[in-house]
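Colleague: The structure that follows is given in the form of structure tokens.
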Amino acid sequence: MSSDRVEAAEDAIQAVVIADSFNYRFLPVTIEQPRALLPLVNRPLIDYTVEFLAVAGVQEIFVYCCTRAEAVRAHLERLTG
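Count along the sequence shown from 1, add 1, and you get the number used in the numbering used here.
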């Protein structure tokens, strides 16, 4: 691997998104759907975060969530293809 590729990999801009609130204030709305996937203007909230980070040049996004993590993962996989 050339040093240019190693340097490019090390310079990747990363972000961590906390996609959980660790409380129950939105019950019963969040019983079946995590808060990160609640719609705002017919789009899940997390879509706005991912779009903002992509426009800002972030190349890797790490999403941390506990509640209904499988639903968030499935949504992000559909979103990114």
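Note that CB positions come from ideal geometry on N, CA and C, so glycine has one too.
Let me confirm a value: P29 is counted as buried when at least 16 other C-beta atoms fall within 10 Å, else exposed. Which label applies?
Modeller: exposed
Colleague: Please state whether DSSP places Y25 in a helix, a strand or coil.
Modeller: coil
Colleague: Keeping to the same chain, check which residues put their C-beta closer than 8 Å to that of Y65; ignore five residues upstream and five downstream.
Modeller: V17, V18, I19, A20 and D21
Colleague: Note down, one range per segment and in chain order, each beta strand (DSSP E) of at least 3 residues found wholly within the region 18 to 69.
Modeller: 61 to 65
Colleague: Is it right to say P40 is buried, meaning 16 or more other beta carbons lie within 10 angstroms of its own, or is it exposed?
Modeller: exposed
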